[in-house]
Every structure is written in structure tokens, then in C-alpha cells.
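Peer 1: In my numbering, the protein residues as written are 2 to 252.
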Ligand code: ADP
């Protein structure tokens, strides 16, 4: 009897445990399903980096679900849509030269304001993606896409505004306390502004949030008399995403 009771007890507690485990499994399954909706898994061919930026997809392109294409670099380097809209609103229009167009986040917003855009990128795959993305936003016809090196093409270009979002050196830029302009790729900020200035003094530069602001201001002194200059912080959902420097008539 004592054994039976004990056995019963064991049976009883193990059946309780089984039902408890079943419940736990159900909760786990539900959680996994919910997470899958929020984040595509690495087993689905999505890299850990893209998975990290996935929840921001509609901040990058509000029409993301309509077939927007981005490569890994694009995920962390494209200008968030609201910031790109702001750049377009402040540009003043005309012909805008986007020197490092990437997957087209800025070029699309300039074009949506019916401005003529010359979108340059050295990577042909990026240009294909930018073209696809511009088609989704219905603005492909406003943009001339060029595969090429901005520094080589600059002497041949004419435009009213130059927009520059040069490579910041990948996501590791944010680990630095002070991002100095020599860290911009493939040439430092001073060389970049000098090249752009030969096209027009109306220049917009989108820079890392930790950029050295004294150095940015110094850029305006490269010209004599110094260029008008203004700097703006760009927030998305309360997070500082970058700094925009406006020169010339855009300031
Ligand atoms: P980040 O370091 O900010 O992530 P990327 O490395 O993605 O920046 O570079 C931004 C874009 O600039 C990319 O699409 C890249 O192909 C393009 N790019 C880099 N160098 C040049 C260049 N010399 N001329 C034009 N486009 C360039």
C-alpha cells in the first residue's frame, strides 16, 4: 500500500510534470512563432547583421514589402526614409547629384519631389538595386543612374546641389567617441568637399552621429569667403541616426 501510494504519487507527479512540460513547449512554440514574425531566422538565409536591422525595415523604406532590394551594406548604410525626405525638402531642388547613391534611399526622395537626380555608385549591383527601388516608388524616370567613381566623374558633372553620404567605414563607426573626417572613405572629408565644390557650393553631407563637429564646421572655411553652414541632428524614433551638414544655399 505504501508502495502503491508512492507509485501513485510518482505517477501523479510525472503526469503533472508532463502536462507542465507540454504547456512549456506550447509557450516556447508560440514565442518562436512570434519571434519569426518579427525576425527572419539565420536558417532562412538571412545573415545575423540583416536580422539585427530587420525591425527597422519600414523606417528605411516604407514600401519595403513591395519588393525593395538591399544588400548587406545597404541595410546599415541606407539613409532612413524620414531623414532622406528631410534632405530632399531642404535641398532647394534643381539637378541633384547623389555621389554615393547606394541602394537609392536619398535619390528616391529627391526624385519624389520631382527633382532631376544623377545617382552615382561605384558598385553596379547597388545601382541595379537602386533602380529597382526607384521603380517601386514610381520615380525611376527622374533619375539618371551612373556606375562610376564620384571622384573621377566629378569634373564632368553639372548640378545645383551635391548630396554626399560617403562610406562611414561600416557599422563599427559608432564605437568611436569622436569620428574624425579622415575616417571617411575612400577619401577624407576635406578632399571630398573640395571635389564637390568644383561642381557647386550647395552641398549636403550626411555624416555619422559622432562626427567631430568642429571639423565639420572647418569645412565651410575651405572656401573664401567661407560657405554658409548649418548642422542638423537627425532622429528616427527618438534615436540619433546621423548629422547633416548643409553648405552654401542649402544652409
Ligand atoms: P557605409 O560605410 O556608410 O556603410 P558604404 O560602404 O555602404 O558606406 O558606402 C556607401 C556607398 O558608396 C556604397 O554603395 C558604395 O558602393 C559607394 N561608394 C564607395 N566609394 C565610392 C566612390 N568612390 N564613388 C561612388 N560610390 C562609392
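Heads up, the beta-carbon is just placed ideally off N, CA and C, and yes, glycines get one too.
Compute the minimum distance between the beta carbon of residue 77 and the heavy atoms of ligand 1, and state whether it is under 8 Å.
Peer 2: yes
Peer 1: Look up residue 114 in the DSSP assignment and say whether it is helix, strand or coil.
Peer 2: coil
Peer 1: The beta strand (DSSP E) spanning residue 204 covers which residue range?
Peer 2: 204-208
Peer 1: Shorter than 8 Å, the distance from the beta carbon of residue 104 to the closest heavy atom of ligand 1, or not?
Peer 2: yes
Peer 1: Provide the residue span of the beta strand (DSSP E) that contains residue 233, from first to last.
Peer 2: 230-237
Peer 1: With respect to the beta strand (DSSP E) encompassing residue 146, which residues constitute its N-terminal and C-terminal limits?
Peer 2: 144-148
Peer 1: For residue 217, does the count of other Cβ atoms within 10 angstroms reach 16, so buried, or fall short, so exposed?
Peer 2: buried
Peer 1: For the segment 235-247 against the segment 201-212, are there 3 or more C-beta pairs whose distance is under 8 Å?
Peer 2: The segment 235-247 is in contact with the segment 201-212.
Peer 1: Identify the residues that DSSP records as bridge partners of residue 151: which are they?
Peer 2: Per DSSP, none; premise fails for residue 151.
Peer 1: For residue 169 versus residue 180, is the C-beta spacing smaller than 9 Å?
Peer 2: Contact flag set, yes.
Peer 1: Counting along the chain, where does the alpha helix (DSSP H) carrying residue 246 start and finish?
Peer 2: Careful: residue 246 lies outside any alpha helix (DSSP H), inside the beta strand (DSSP E) at 240-248.
Peer 1: Would you kindly work out how many angstroms separate the C-alpha atoms of residue 102 and residue 219, rounded to a whole number?
Peer 2: 25 Å
Peer 1: Rounded to the nearest angstrom, what separates residue 78 and residue 228 at their Cα positions?
Peer 2: 27 Å
Peer 1: If you pair each beta-carbon of the segment 230-242 with each one of the segment 187-195, do three or more pairs fall below 8 Å?
Peer 2: The segment 230-242, when compared against the segment 187-195, does not touch it at the 8 Å Cβ threshold.
Peer 1: Drop a sphere of 10 angstroms on the beta-carbon of residue 138, count the other beta-carbons inside from all chains shown, and report buried for 16 or more, exposed for fewer.
Peer 2: buried
Peer 1: Taking residue 108 and residue 118 to be in contact with their CB atoms under 8 Å, please state how far apart those CB atoms are, rounded to whole angstroms.
Peer 2: 5 Å
Peer 1: So residue 295 and residue 121 are supposed to be a Cβ contact under 8 Å. How far apart are they, rounded?
Peer 2: With the chain represented from 2 up to 252, any question about residue 295 goes unanswered, as that position is not in the structure.
Peer 1: Measure the C-alpha to C-alpha separation of residue 250 and residue 47 and round it to an integer number of angstroms.
Peer 2: 43 Å
Peer 1: Quick check: what's the CA-CA separation for residue 68 versus residue 241?
Peer 2: 27 Å
Peer 1: I'd like to check one pair, residue 92 with residue 140: are the Cβ atoms closer than 9 Å?
Peer 2: no
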